[in-house]
Amino acid sequence: MSSSCHQIPISPDLNSNCQDSVDGNPLFCTIQLHPTFSLSTDQRNSCIEFLKGDDLIAKFNLNLVKYSRICDEEPELFTRDVDIKYASSKRCKHAGSCQSGGCSSIDVSRPLNELRKFYEYPGKTTCEESCGGIGCSCLYPASGCLFTRTFAVPRSDEVYQLSRCKSWKDVADLDIKGGLENGKVEKHTVNLSPGKPQRLPTGTITMLMSSTPFYDFVHSRFLTNLSSLSTAAWTLKDKYPYLACYSVDGAVSMTNCTFTDPCKCKPAQDEAICDCPEMSLSKTFNHIAGYKFPIVNEKYHIMRNKDGLIMAELKQSVVVQFQMGFDLSAY
1 MSSSCHQIPI
11 SPDLNSNCQD
21 SVDGNPLFCT
31 IQLHPTFSLS
41 TDQRNSCIEF
51 LKGDDLIAKF
61 NLNLVKYSRI
71 CDEEPELFTR
81 DVDIKYASSK
91 RCKHAGSCQS
101 GGCSSIDVSR
111 PLNELRKFYE
121 YPGKTTCEES
131 CGGIGCSCLY
141 PASGCLFTRT
151 FAVPRSDEVY
161 QLSRCKSWKD
171 VADLDIKGGL
181 ENGKVEKHTV
191 NLSPGKPQRL
201 PTGTITMLMS
211 STPFYDFVHS
221 RFLTNLSSLS
231 TAAWTLKDKY
241 PYLACYSVDG
251 AVSMTNCTFT
261 DPCKCKPAQD
271 EAICDCPEMS
281 LSKTFNHIAG
291 YKFPIVNEKY
301 HIMRNKDGLI
311 MAELKQSVVV
321 QFQMGFDLSA
331 Y
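Shown next as structure tokens:
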């Protein structure tokens with residue numbers, strides 16, 4: 001008989017597992033068969049026929065519905081969308097916090113009276129020598145102190161989570177339709193991970209291995225707005241948000257957070273002038289095309305699945321090898 005299917009002969013010398021007849025029932029034997037086959041994103045369909053001589057014993061049609069990678073997501077930090085502000089205050093020697101030791105004697109990790117109203121938000125305080133003497137409106141002819149504080153002011157109440165994938169789990173979704181020729185046709189959809197067999201009415205099916213290209217998204221970080229649950233790929237690969245908090249509650253209250261100062265400040269006569277670059281988290285979602293979920297291109301689609309997990313469905317150059325284990329009644 002002619003067929004485009006993979007044809008597997010059931011030969012008489014195959015190992016059989018037979019049970020003796022009981023209560024007049026005939027001898028019953030099962031034959032263990034484990035054919036392998038491959039499907040790919042270019043050739044998603046295949047079929048297998050089991051033959052005894054010229055007789056068709058069983059037939060199965062197989063379809064690779066999709067091949068995905070599931071992210072084992074791990075939060076790295078929680079943050080807020082912030083504006084970076086700064087304030088400065090000049091003190092002459094022996095005035096206010098600028099005593100005889102100048103900047104070298106000041107613990108800038110503790111609040112300074114000159115900048116006390118700017119400690120509501122996480123920030124960083126510095127002290128630099130400043131001009132002194134009559135020309136700088138100071139009584140003493142000695143260097144004064146220029147105190148500067150940079151700090152993060154939230155733009156909204158929204159909290160964001162920055163996460164990475166500790167690992168990616170490969171999953172193949174497979175449709176199987178068929179069965180024994182003398183039985184009813186059954187259809188099953190199975191989700192397979194490498195090396196983990198799943199049971200079918202006629203045996204088992206296992207994903208043995210796969211071949212996939214390298215995708216750079218496996219090393220990506222992802223930013224999630226915990227209010228809207230929208231997610232985007234983190235575009236600043238070598239940078240972190242300026243505000244890094246260790247819990248959602250910490251981000252809400254802006255306590256137990258680490259502030260990274262992005263500002264470059266220069267002392268002027270009576271004040272500091274700072275250049276503080278902007279980092280807008282909301283723009284990642286609203287203005288940068290191709291990074292907000294779902295990310296769709298010809299190679300892959302990245303989204304959150306129905307269970308809320310980050311999933312990348314691979315669209316090209318994937319080859320997957322499967323093995324089916326059958327228990328077929330001998331004829």
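Under full-length UniProt numbering, the first residue of the sequence shown carries the number 1, and numbering increases by one thereafter. We put the beta carbon where it would ideally sit given N, CA and C, even for glycine. These numbers were taken from a predicted model, which means no experiment stands behind them.
Between the C-alpha atoms of residue i and residue j, what's the straight-line distance to the nearest angstrom?
i, j, result
"W168", "C145", "53 Å"
"S247", "E49", "57 Å"
"L313", "D270", "Note that residue 313 is Glu in the sequence shown here, rather than Leu. Distance between the alpha carbons of E313 and D270 is about 58 Å."
"I70", "I310", "6 Å"
"N191", "T235", "32 Å"
"A152", "F78", "14 Å"
"E181", "P294", "43 Å"
"S89", "Y300", "54 Å"
"R80", "G135", "43 Å"
"F322", "L281", "43 Å"
"H6", "E74", "43 Å"
"E114", "D83", "22 Å"
"H287", "L162", "18 Å"
"V319", "G325", "20 Å"
"E129", "R221", "41 Å"
"T212", "H219", "16 Å"
"residue 332", "R155", "Given a span of 1 to 331 for the chain in the structure shown, any question on residue 332 remains unanswerable."
"E298", "G290", "12 Å"
"A330", "L33", "Residue placement at A330 is flagged as unreliable, the pLDDT there being 41, under the threshold of 50; a coordinate-derived value is accordingly withheld."
"G53", "K59", "15 Å"
Reducing DSSP to helix, strand and coil, say where residue i ends up.
i, result
"F28", "Here the model assigns F28 a pLDDT of 49, short of 50, so the residue's position is not dependable, and the following value carries that caveat. In this structure, F28 counts as strand in the three-state DSSP scheme."
"V108", "coil"
"R69", "strand"
"S230", "coil"
"K117", "helix"
"A95", "strand"
"S89", "strand"
"C103", "helix"
"S253", "helix"
"V318", "coil"
"F217", "helix"
Would you mind giving the Cβ-Cβ distance between residue i and residue j, rounded to the nearest angstrom? I have them listed as a contact below 8 Å.
i, j, result
"Y86", "C276", "7 Å"
"G108", "C131", "Contrary to the premise, residue 108 reads as Val rather than Gly in this sequence. Contact flag wrong, Cβ pair sits at about 20 Å."
"A272", "K264", "That belief does not hold up - the Cβ atoms of A272 and K264 are roughly 10 Å apart, past 8 Å."
Secondary structure, beta strand (DSSP E): runs of 3+ residues fully inside the stretch 135-196: Secondary structure within the stretch 135-196: the beta strand (DSSP E) runs of 3 or more consecutive residues, fully enclosed, are 144-180, 186-192 (chain order).
Secondary structure, alpha helix (DSSP H): runs of 4+ residues fully inside the stretch 273-315: 281-286
State whether the stretch 163-181 contacts the stretch 199-212, with contact taken as three or more CB pairs (one from each stretch) at a distance under 8 Å. yes
If contact is defined by three or more beta carbon pairs under 8 Å, each pair taking one atom from either stretch, is the stretch 60-67 in contact with the stretch 37-45? The stretch 37-45, when compared against the stretch 60-67, does touch it at the 8 Å Cβ threshold.
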